[in-house]
């Protein structure tokens, strides 16, 4: 008896071009706008916004801290209520911020419960 060489099916060459017919071979991006000038304007706006929010390369940690500190918006912080009581609803030790049931969920320390 002779032992034939073993080849895994994946190691065999295929003569058919099935990979070119795959529906996943080409994944399209977002559809371009109909107007080329409008598309260019939107692309420039996106590029400008990305450049404004990205620090230049080669900054030291202190420089990075200053960069991000300047971009920080303190208007979003939730201030504690006086005496830990919500002046609008009278709720004691309740969550800060907008009414959570209005938005369909309740978040506390990163955990969300849906109603």
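Residue numbers (this note's numbering): 64 to 178.
Glycine included, each C-beta is placed from N, C-alpha and C at the ideal position.
Item	Value
Secondary structure, beta strand (DSSP E): runs of 3+ residues fully inside the segment 103–165	none
Residue 116 and residue 134 closer than 8 Å at C-beta	yes
Residues near residue 95 by beta carbon distance below 8 Å, same chain, minus five either side	102
Rounded C-alpha distance that separates residue 108 from residue 144	39 Å
Pairwise C-alpha distance: residue 98 and residue 106	12 Å
Through-space distance from residue 156 to residue 123, alpha-carbon basis	41 Å
Presumed contact (8 Å Cβ cut-off) between residue 127 and residue 120, rounded CB distance	The Cβ separation is near 11 Å, so there is no contact.
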